Amino acid sequence: MTARPELRPGRPVRPAGRDQATFRCGQCGAQRTAATETDYTRTVSAHRDAHAVFDRLTPIEREGMGSILRVLLADTGLSTELLALIDHEPGGTASVTSR
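Residue numbers (our numbering): 345 to 443.
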């Protein structure tokens, strides 16, 4: 008989659901939960960055961006190949395009 993981010597015993933090956005009401401080920081930063981008877009740009993201996020292979095409330069090196 093997011991359950939470009962092994030297391993902390933590009740389920206790090691989580929830971020609640004051702008849109979204709630995001993270299990570690690092994940929480990344989650909050990503959400705030998303608001910064979203707020700069017009309604038409928002709709277009949403359509594009739905297609790309549904197919990571397509996303990878599209980025490769964007970065491809005839000489075989990546190019950086500035606006």
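Backbone N, C-alpha and C define an ideal beta-carbon position, used for all residues, glycine too.
Keep in mind the model is a prediction, meaning the values are calculated, not measured.
Inter-residue Cα distance where the pair is residue i and residue j
{"i": "T402", "j": "G408", "result": "10 Å"}
{"i": "L372", "j": "L413", "result": "It should be pointed out that residue 372 corresponds to Cys in this sequence rather than to Leu. Distance between the alpha carbons of C372 and L413: 20 Å."}
{"i": "T420", "j": "S411", "result": "15 Å"}
{"i": "C369", "j": "L422", "result": "32 Å"}
{"i": "F398", "j": "A418", "result": "20 Å"}
{"i": "D383", "j": "V415", "result": "26 Å"}
{"i": "E405", "j": "A379", "result": "34 Å"}
{"i": "L427", "j": "D363", "result": "37 Å"}
{"i": "R348", "j": "D393", "result": "The predicted position of R348 is uncertain, since its pLDDT is 43 and thus under 50; a value taken from the coordinates is nonetheless stated next. Those two C-alpha atoms are separated by around 41 Å."}
{"i": "E425", "j": "S389", "result": "27 Å"}
{"i": "A374", "j": "H432", "result": "38 Å"}
Whole-angstrom C-beta distance between residue j and residue i, which should lie under 8 Å
{"i": "F367", "j": "H395", "result": "Actually they are not in contact, since the Cβ atoms of F367 and H395 sit about 12 Å apart, beyond 8 Å."}
{"i": "T387", "j": "R376", "result": "5 Å"}
Boundaries of the beta strand (DSSP E) in which residue i is found, first to last residue
{"i": "A295", "result": "Residue 295 is absent from the model: the chain starts at 345 and stops at 443."}
{"i": "A378", "result": "Q375 to A378"}
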